[in-house]
Every structure is written in C-alpha cells, then in structure tokens.
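Residue numbers (the numbering used here), protein chains in the order written: chain V, 355 to 671; chain H, 290 to 541. Beta carbons: idealized from backbone N, C-alpha and C, even for Gly. Keep in mind it's a predicted model, so treat the numbers as computed, not measured.
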C-alpha cells in the first residue's frame with residue numbers, strides 16, 4: 355500500500371494552507387506521505403510539499419486540468435488510485451475538495467468522511483471525528499472501505515515542517531476533454547485586503563446587533579486592528595450589510611481561527627456550527643441569555659457600539 | 290420540464306437536547322432539511338414562470354416521511370415520490386444515493402435534479418454527487434444562483450475566495466446553497482391542499498438496492514462535545530484585553 359495521499363488544493367499555483375496541515379497530520383500516521391497536485395504548470399510547486407514531509411509528489415499536468423472541473427479530476431484520480439493503491443486519500447474540506455471527494459468516492463464505490471476535525475489512520479483503517487446536528491454532537495466514524503477517504507476541515511491540524519524527499523512521480527494522464535461536463539464561463543475573484551475567512555488566524559464577525567452598515571463599519575475597524583478576516587452571521591448577510599461570501603455558519607464558511615470575536619451575534623445553531631471549533635471565542639452581546647455566551651471563553655455583556663470602539667482605542671495604544 | 294427535488298427528513302435541530310453527552314430525540318419534531326427547502330423553492334420559482342414545469346419531491350427514509358413530506362407539497366411541489374423503510378433511517382450516504390438514483394430511473398424524462406448542499410443533521414454533503422455519478426449525469430455543487438435556459442443551466446458557485454460561473458447541460462444535478470433564495474412559508478389553504486396531492490410510495494425492495502452492502506462507513510459514537518470553554522463574563526474592555534493578552538491571542 356502506497357501510504358497516505360494528500361490532494362493539493364490550489365488555484366493558479368496558489369496553494370491553500372490546509373494542504374500543508376494535511377501533510378503534517380499525514381506524517382504522524384508513520385506511513386509514506388504523498389502530495390498529489392493536478393493542474394496546469396504545477397510541477398514547480400513540488401518542492402513546497404517536500405518541506406512538510408512529502409516523500410513523493412504526484413504531478414499531473416494538462417490543459418484539461420487548467421480549471422478545477424469535477425469530471426476530469428475524478429477520472430484522473432480514479433485511474434491513479436487504481437494504479438498506485440494508496441491506503442488513504444485526504445482532501446481539503448473546501449467547496450471543491452468535497453465536490454471532488456464525494457463524486458470520486460462514488461466512482462470508487464467507497465465511503466467518505468466529510469469535514470473531519472480529527473483523523474486516525476493505521477493499518478488500512480480510518481477513524482474520523484466530525485460534527486453532526488449542527489455541532490451539538492461529534493460523531494466518530496470509521497471508513498471501512500479502501501482507500502480510506504476523508505475531507506479535512508482547515509485549521510484543525512498543526513503545521514509541522516519536516517524534510518521529505520519530495521520525489522516527483524508523473525502518472526499517465528487519464529482524463530480527456532470528453533470527461534469535462536462543466537464549462538467555466540467566468541471567475542469573479544473576491545477582492546479584499548483582509549485575510550480569507552477559512553484560513554485566517556483571527557476572525558471578527560458582526561451580526562444582527564450591528565443594526566446596519568454603520569455597525570458593520572465599527573466591527574470592520576476591530577477586524578483591521580487585529581489583522582483579522584471579517585465575517586457575519588446570517589442576519590447581516592440577509593440584510594445585505596455584508597456579501598454572501600462572508601457568511602460564517604454551517605451553510606457558508608466554517609472557520610477555525612485561534613481567536614473568533616462575535617459582535618452582536620446571538621448564536622443561532624447554524625452559526626455556532628460554523629465557528630464553535632475556534633480555539634478561543636470572545637463574544638460581545640447585549641443579551642446575557644444569548645446562546646453565544648455558552649460557547650464563549652470571554653463574554654462582554656454590552657452594546658457593541660460602545661464596547662468595540664473602546665476596544666479599538668485600547669488596541670491603538 | 291420535470292424537476293425532481295431530493296429532500297431529507299431531519300429532526301428539528303434546535304430542539305435536540307443533550308443529557309449525559311447523549312443527544313435526545315424524544316418529542317423532537319421532524320422537518321425537512323433547511324437547505325433542501327432552498328432547493329425546493331428554486332424549483333417552485335421556475336415553475337411559477339413556466340406552468341409546464343412539474344416539480345416532484347423525492348425522499349427516502351422511515352415511514353414518518355409520508356407525513357413530513359406534506360411540508361414540501363404545501364410549499365409548491367406537485368407530487369411526492371417516496372421510498373419508505375425504517376432501515377433507511379440513518380443509512381450511509383452511499384445507500385441513500387443508490388436508493389434515490391434507482392427511484393429517479395423509474396421516473397419519466399427528468400430534466401433537472403436539485404439537492405441542498407448538505408442535510409441539516411448529518412451534513413455530509415455527498416448524496417447529490419453520488420447520485421450524479423450513479424446516473425452518469427453532469428453535476429455542479431455549491432450553487433448560489435442559477436438560470437435555466439435552452440437545455441442548459443448557468444450557475445454561480447460561491448467558493449472560498451471567488452464566485453465561479455459555470456454551465457452544464459441538462460439533464461443534470463445541481464446542489465444549492467442556502468443563500469440562493471428565501472423559502473416561502475405555505476399558507477393554511479396550501480397546507481390543507483397538500484394532503485390531496487399525489488404521492489407514489491415504494492418499499493425498499495421495489496427499487497432493488499441492497500443497502501446492507503452499501504454500509505461504507507460505520508458510526509462508532511455520537512456524543513456531545515465536552516465543553517472546555519472558560520465562559521468568563523468580563524466586566525470591562527480592560528479585563529477582556531487582559532484575558533486575550535494572557536492567552537497570547539493579541540499583541541501586548
């Protein structure tokens with residue numbers, strides 16, 4: 355068995371951090387670790403994976419892989435898995451990672467644990483921990499088929515640099531244009547000076563308590579002073595105060611920063627599901643009974659319009 | 290055009306209580322997945338613009354689904370197609386996908402199949418993709434807006450750092466995100482009429498799927514997480530800053 359494979363999540367050569375987190379974790383299983391990178395002009399990325407312990411780097415290049423598309427990527431990975439028989443294949447729990455993992459799992463007729471926040475893989479067995487009932491319970495799931503497959507939440511595994519050989523392997527290209535059934539018409543890249551939510555060390559979010567764009571501005575100030583990503587609960591997205599790409603919650607972005615600051619967010623269950631695995635949670639809310647205080651390490655009962663500016667003033671000192 | 294909307298019966302998550310770390314389901318009402326309701330709403334909106342569209346809600350689950358599904362019929366689905374068996378409760382994503390795919394094969398001329406991107410309870414988010422693979426259909430996931438025209442679907446996928454506009458040919462499968470629309474709340478008249486809408490109810494052996502062979506994953510335990518949150522209510526901003534600094538969460 356050819357160890358654990360980590361599928362590299364990248365676009366135009368920009369590698370998502372969760373890729374390295376998965377490599378670091380895979381290293382702890384004690385088996386061979388390989389990165390699998392598929393795209394156009396991606397061979398140059400190979401040394402990056404060696405830094406996090408990749409013994410091998412499978413590189414697949416071709417025009418058919420230029421944009422992520424489910425069809426070609428599934429056909430390619432299925433062929434490679436058949437040829438090299440990895441013990442386990444890990445994907446990032448990103449939108450594309452779970453899209454790919456799910457369809458590939460069906461093609462291979464195997465199980466898949468999605469959004470895993472813990473993973474143990476040994477002797478062809480994989481046990482994963484994942485949240486269910488919007489985070490009210492954690493489910494331990496064994497994937498009983500081979501290869502063991504899972505998608506991994508960003509930010510749950512520590513980065514650990516480790517020198518790997520990073521030997522480049524170039525599997526045959528199995529996918530053709532005929533496998534592509536999605537035509538990409540346009541990319542609209544979200545331009546923001548702030549970090550991206552799922553990769554940020556600090557996230558500051560605003561909810562219904564912001565009462566409008568003015569309140570969001572108050573919260574934005576705090577985000578910028580902390581170098582944080584900005585997010586929001588469903589209330590501030592639906593009211594149009596923030597773009598839909600900034601929604602933190604079960605539907606939307608699941609975040610896992612070192613520090614999550616919830617401003618004027620009461621803590622509806624769907625929101626909690628998207629942030630309750632954050633390492634530290636601070637909450638500012640006027641309502642002492644707000645459910646957000648049940649998951650918070652530090653709570654301030656107060657009006658965000660008063661508390662947040664004070665906090666900003668102190669941080670500027 | 291025939292649209293199928295796959296929906297899952299789930300417990301009302303707000304009302305699940307925890308005792309000794311065990312989730313309790315006694316007296317917890319059953320409903321349909323929140324994002325599945327967005328998928329249904331999308332189908333009903335299309336139907337309102339084109340009367341020739343038929344919307345069928347498809348669900349596999351225990352016997353109680355027959356009652357729960359009325360919610361979808363009240364919200365605008367024309368008919369229901371149900372595969373009911375208590376063995377389907379809590380079945381693996383692969384098993385449910387096989388049952389749904391087998392059911393879709395029994396329907397005539399399906400053009401579009403809609404899913405919510407994940408069920409409210411298990412949120413595994415695999416079933417739409419698995420059904421697409423089983424039926425060998427084009428599929429696109431995480432759709433935040435969509436337009437159907439001339440046998441094509443043009444959709445926007447909202448990813449971590451970009452929106453991606455994609456086109457797939459129909460018949461095909463689309464799984465949608467909650468931001469797509471605001472599901473309607475049915476009127477009393479619609480709720481009363483829902484009971485009279487046609488339902489086709491099949492038993493598991495009528496779709497010829499052996500779900501025991503599709504138990505690809507096994508649940509070892511479901512337990513509420515042990516909270517190690519500090520839950521410190523601080524009196525002032527100074528105290529909050531002190532707390533954050535002592536945890537090295539912000540600069541000194």
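Starting from the C-beta of residue 353 of chain H, find all residues in its chain whose C-beta is less than 8 Å away, skip the five residues before and the five after it, and write them out in chain order.
Answer for residue 353 of chain H: 298, 319, listed in chain order.
7 Å Cβ shell around residue 335 of chain H - same chain, five flanking residues per side excluded
These residues qualify, in order along the chain: 292, 342, 437.
Could you pull the DSSP bridge partners for residue 503 of chain V from this structure?
Residue pairing from DSSP places residue 503 of chain V in a beta bridge opposite V/443.
Reference residue 248 of chain H; option with closest CA among H/439, H/444, H/355
As shown, chain H starts at 290 and ends at 541. That puts residue 248 of chain H outside it, with no answer to give.
Step through the CB atoms of chain H and report whether any lies within less than 9 Å of the CB of residue 584 of chain V.
At a cut-off of 9 Å between C-beta atoms, residue 584 of chain V does not count as an interface residue with respect to chain H.
Quick check: residue 461 of chain V and residue 488 of chain V, are their CB atoms within less than 9 Å of each other?
No, Cβ-Cβ distance for residue 461 of chain V and residue 488 of chain V is not below 9 Å.
For a contact meaning CB atoms closer than 7 Å, what does residue 598 of chain V contact in chain H?
Within chain H, the residues near residue 598 of chain V are 433, 447, 468.
Can you tell me where the beta strand (DSSP E) holding residue 441 of chain H begins and where it ends?
Start and end: 441-447.
Looking at chain H, which residues of the stretch 491-504 of chain V have a Cβ within less than 8 Å of any of its Cβ atoms?
So the list reads 491, 492, 493, 494, 495, 496, 497, 498, 499, given in the order they occur along the chain.
Spatial neighbours of residue 333 of chain H in its chain, beta-carbon cut-off 8 Å, leaving aside the 5 residues before and after
Taken in chain order, the residues that qualify are 344, 364, 365, 366, 473.
So which of V/553, V/577, V/442 has the shortest CA-CA distance to residue 510 of chain V?
Closest by alpha carbon: V/553.
Quick one: using the 10 Å Cβ neighbour count with 16 as the cut-off for buried, is residue 624 of chain V buried or exposed?
Residue 624 of chain V should be labelled buried.
Taking just the CA atoms, how far does residue 424 of chain H sit from residue 506 of chain H?
Going by C-alpha positions, residue 506 of chain H is about 22 Å away from residue 424 of chain H.
Alpha carbon to alpha carbon, how far is residue 522 of chain V from residue 389 of chain V?
Computed Cα separation, rounded: 10 Å.
Span separating the alpha-carbon of residue 465 of chain H from that of residue 468 of chain V
Roughly 17 Å between the two C-alpha positions.
Contact check, residue 654 of chain V vs residue 526 of chain H, beta carbons under 9 Å:
The Cβ atoms of residue 654 of chain V and residue 526 of chain H sit closer than 9 Å to each other.
For the ligand PLP, I want to know if residue 402 of chain H counts as a neighbour, meaning its beta carbon is within less than 8 Å of at least one of the ligand's heavy atoms.
No copy of the ligand PLP occurs in the structure displayed, which carries no ligand at all.
Let's see if you can read the secondary structure: which residues bound the alpha helix (DSSP H) around residue 450 of chain V?
449-462 is the extent of the alpha helix (DSSP H) around residue 450 of chain V.
Just checking, does the stretch 491-501 of chain V make contact with the stretch 498-518 of chain H on the three C-beta pairs under 8 Å criterion?
Pairwise C-beta distances place the stretch 491-501 of chain V in contact with the stretch 498-518 of chain H, as three or more of them are shorter than 8 Å.
Which of the three DSSP states is assigned to residue 466 of chain H in this structure?
Three-state result, residue 466 of chain H: coil.
Secondary structure at residue 350 of chain H, three-state DSSP: helix, strand or coil?
The DSSP-derived three-state label of residue 350 of chain H is strand.
Whole beta strand (DSSP E) elements within the stretch 357-429 of chain V, 3-residue minimum:
Taking 3 residues as the minimum length, the beta strand (DSSP E) runs contained wholly in the stretch 357-429 of chain V are 358-361, 387-393, 410-415, in order along the chain.
Anyone know if the C-beta pair for residue 666 of chain V and residue 576 of chain V falls short of 9 Å?
Less than 9 Å divides the Cβ of residue 666 of chain V from the Cβ of residue 576 of chain V.
Unbroken alpha helix (DSSP H) run spanning residue 623 of chain V, endpoints:
Membership of residue 623 of chain V in the alpha helix (DSSP H) is indicated by the continuous run 623-629.
Assign residue 545 of chain V to buried or exposed, taking buried as 16 or more other Cβ atoms, counted over all protein chains shown, within 10 Å of its Cβ.
Classification for residue 545 of chain V: exposed.
For residue 668 of chain V, which residues in chain H fall below 8 Å Cβ to Cβ?
Here the neighbours are 526, 527, 530.
Thinking C-alpha only, which one of H/522, H/517, H/519, H/290 is nearest residue 396 of chain H?
Minimum Cα distance to residue 396 of chain H is reached at H/290.
With a cut-off of 8 Å, do at least 3 Cβ pairs link the stretch 511-530 of chain V to the stretch 434-442 of chain V?
Touching, per the Cβ criterion.
What does residue 404 of chain H touch in chain V if you count any residue whose Cβ is under 7 Å from its own?
Per Cβ cutoff of 7 Å: no residues; residue 404 of chain H is ~11 Å from chain V at best.
Own chain partners of residue 574 of chain V with C-beta closer than 7 Å, once the 5 adjacent residues on each side are dropped
Hits under 7 Å: 584.
Residue interval of the beta strand (DSSP E) (run including residue 452 of chain H):
Residue 452 of chain H -> beta strand (DSSP E) spans 451-458.
Would you kindly work out how many angstroms separate the C-alpha atoms of residue 307 of chain H and residue 501 of chain H, rounded to a whole number?
Between the alpha carbons of residue 307 of chain H and residue 501 of chain H lies a distance of about 30 Å.
Could you work out which residues of chain V lie near residue 506 of chain H, taking near to mean beta carbons separated by less than 7 Å?
What residue 506 of chain H touches in chain V: 465, 467, 495, 496, 497, 498.
In three-state DSSP terms, what is residue 565 of chain V?
DSSP places residue 565 of chain V in coil when its eight states are reduced to three.
Does any C-beta atom of chain V lie closer than 9 Å to the C-beta of residue 411 of chain H?
Closer than 9 Å: yes.
Going by other Cβ atoms of all chains shown within 10 Å of its Cβ, with 16 needed for buried, is residue 477 of chain H buried or exposed?
With fewer than 16 other Cβ atoms from the protein chains shown falling within 10 Å of its own Cβ, residue 477 of chain H counts as exposed.
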